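**Student:** Before I ask anything, here is the structure I am working with.
Protein chains: 2
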Amino acid sequence: MSVKHSLLALLYEKPRHGYELKTGFEALVEGLWPLNAGQVYTTLDRLERDSFVESLSHDKKDRKQYTITQAGKEELWFWLNEPVGRSLFKDEFYIKFLCASHVSYDNKKSMIRDQKETILKDILHLTHLRKQMSLSGNDTMKLLIEGALLHLEADMKWLERIEEEL
Amino acid sequence: MSVKHSLLALLYEKPRHGYELKTGFEALVEGLWPLNAGQVYTTLDRLERDSFVESLSHDKKDRKQYTITQAGKEELWFWLNEPVGRSLFKDEFYIKFLCASHVSYDNKKSMIRDQKETILKDILHLTHLRKQMSLSGNDTMKLLIEGALLHLEADMKWLERIEEEL
DNA sequence: GAGTAACTATATACTTAGTATATAGTTACT
DNA sequence: AGTAACTATATACTAAGTATATAGTTACTC
Chain G
1 MSVKHSLLAL LYEKPRHGYE LKTGFEALVE GLWPLNAGQV YTTLDRLERD SFVESLSHDK
61 KDRKQYTITQ AGKEELWFWL NEPVGRSLFK DEFYIKFLCA SHVSYDNKKS MIRDQKETIL
121 KDILHLTHLR KQMSLSGNDT MKLLIEGALL HLEADMKWLE RIEEEL
Chain U
1001 MSVKHSLLAL LYEKPRHGYE LKTGFEALVE GLWPLNAGQV YTTLDRLERD SFVESLSHDK
1061 KDRKQYTITQ AGKEELWFWL NEPVGRSLFK DEFYIKFLCA SHVSYDNKKS MIRDQKETIL
1121 KDILHLTHLR KQMSLSGNDT MKLLIEGALL HLEADMKWLE RIEEEL
């Protein structure tokens, strides 16, 4: 979904070949989003088809060098400026909970308990990661992690509330 | 993503034909997730291929009646019990913010402002919707909306924090 | 009652995103 | 010399979702 635009962002910095984009992407997200190499090449094909990138030259090792075009830059800027919309059902737990209510599922208590457990694990993981980012000086990632932690805390609060009301 | 399992949940209640599933789904989500009719039929094809549903009979109006199988019920239960994982980058704004930092994008202030604006609109919309659900007695949906509101409030808090740090 | 808009109903073509896998060259190490 | 890991690209495939075609029915309106 955002892989396409992330590749444009990486190419905005400098021209790169496919594999370099894969490693660059993974470095950008600190390895938290492993990217299938195949997806890079198919995405590049589409970006080239849409004239957002072009590959005019090959480097010494005969690897295609991709360059962002003016249209590609504009597409990137447009994407960056477009606020993201969050539908109620972007979070799968909500639709799951809705379905559980619909089929009068009697395991809702354990659903909530397990969900709380995974969230707690996520909180621990992210708290540890935040410390790492703090030490390595990756302030942007530290900010993102703090945002995600606020999300998880909101989730916990909500799950505790609905647990009571059950 | 969860359409497949939502259809199983609807069929768990009673057998239905394709269009009935479309309207049933939209009723379940209170029209907040408009479903492309075509997706219902292709999803049903896959569910049938995987033996999660079967269509043995047609009704008087010659519409295929789909029924959930035992395997389909088990798949539904499994899905309901599976906690959902939330990767850091499920939220597109985070990766967008990361890309903006990477390209030294100088419009981060306006990105944040616009994002706050959309969130504020979403909060207003959901607050109104919550009242509606409260009046119509849809308590489950009211709970979901309250969860989403907690999310949006966490988003606002975070955006205000990073706005200061910029 | 003719026309037409909206709704019911199903199907298919197409696109995107993502997964799995095949292939081959290079580096590093034992 | 062998082999494991890494670099590098490509292709086949699947799932999810969008767009669109088609046709019958209902409802309303002039």
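Just so you know, the sequences run in chain order G and U. In terms of the numbering used here, the first sequence is residues 1 to 166. In terms of the numbering used here, the second sequence is residues 1001 to 1166. Don't be surprised by glycine CBs; every beta carbon is placed ideally from N, CA and C. All values reported here derive from a predicted model rather than from experimental measurement.
Tell me whether the region 9-26 of chain G and the region 66-74 of chain G touch, counting them as touching only if at least three CB pairs, one residue from each stretch, are closer than 8 Å.
**Tutor:** In short, these stretches touch, since the Cβ pair count reaches three.
**Student:** Restricting to Cα atoms, I'd like to know which of G:K108, G:I68 and G:K90 is closest to E207 (chain G).
**Tutor:** The structure shown has nothing for residue 207 (chain G), since chain G only spans 1 to 166.
**Student:** So what's S57 (chain G) in DSSP terms, helix, strand or just coil?
**Tutor:** Of the three classes helix, strand and coil, the one that applies to S57 (chain G) here is strand, per DSSP.
**Student:** In the structure shown, what three-state DSSP assignment does T1118 (chain U) receive?
**Tutor:** T1118 (chain U) falls in the helix class under three-state DSSP.
**Student:** Under 8 Å between the Cβ atoms of M1111 (chain U) and L150 (chain G)?
**Tutor:** No, the pair does not count as a contact, with Cβ atoms beyond the cut-off.
**Student:** Compare the Cα-Cα distances from L32 (chain G) to each of U:T1140, U:I1095 and U:D1106 and report the closest residue.
**Tutor:** Comparing Cα-Cα distances from L32 (chain G) to each of U:T1140, U:I1095 and U:D1106, the minimum goes to U:I1095.
**Student:** So, helix, strand or coil for K1014 (chain U), using DSSP?
**Tutor:** Correct three-state label for K1014 (chain U): coil.
**Student:** Take H5 (chain G) and list the residues in its own chain whose beta-carbon comes closer than 7 Å to its own, dropping the five residues that flank it on each side.
**Tutor:** Closer than 7 Å at Cβ, skipping near neighbours: L76 and W79.
**Student:** Helix, strand or coil for T67 (chain G)? Go by DSSP, reduced to three states.
**Tutor:** It is a strand residue.
**Student:** What does a CB cutoff of less than 8 Å around L159 (chain G) pick up in its chain, not counting 5 residues either side in sequence?
**Tutor:** Same-chain partners within the cutoff: I112, Q115, K116 and I119.
**Student:** Keeping to the same chain, check which residues put their C-beta closer than 8 Å to that of R1016 (chain U); ignore five residues upstream and five downstream.
**Tutor:** Same-chain partners within the cutoff: L1010, G1024, Q1065 and Y1066.
**Student:** Determine, using beta carbons only, whether V40 (chain G) and G18 (chain G) come nearer to each other than 8 Å.
**Tutor:** In contact: V40 (chain G) and G18 (chain G) (Cβ atoms closer than 8 Å).
**Student:** If you check the beta carbons only, do I1145 (chain U) and M1133 (chain U) fall under 8 Å apart?
**Tutor:** Going by C-beta atoms, I1145 (chain U) is nearer than 8 Å to M1133 (chain U).
**Student:** Whose CA, out of G:L135, G:I123, G:K131 and G:F97, lies closest to the CA of A154 (chain G)?
**Tutor:** Ranking the options by Cα distance to A154 (chain G), first place goes to G:I123.
**Student:** Can you pull the chain U neighbours of D106 (chain G), defined as C-beta to C-beta under 7 Å?
**Tutor:** Residues of chain U passing the Cβ test: none, with the nearest at roughly 11 Å.
**Student:** Using the rule of at least 16 other Cβ atoms within 10 Å of the residue's Cβ for burial, across every protein chain shown, is P83 (chain G) buried or exposed?
**Tutor:** Buried, by the Cβ-count rule.
**Student:** Using the rule of at least 16 other Cβ atoms within 10 Å of the residue's Cβ for burial, across every protein chain shown, is M141 (chain G) buried or exposed?
**Tutor:** So M141 (chain G) counts as buried.
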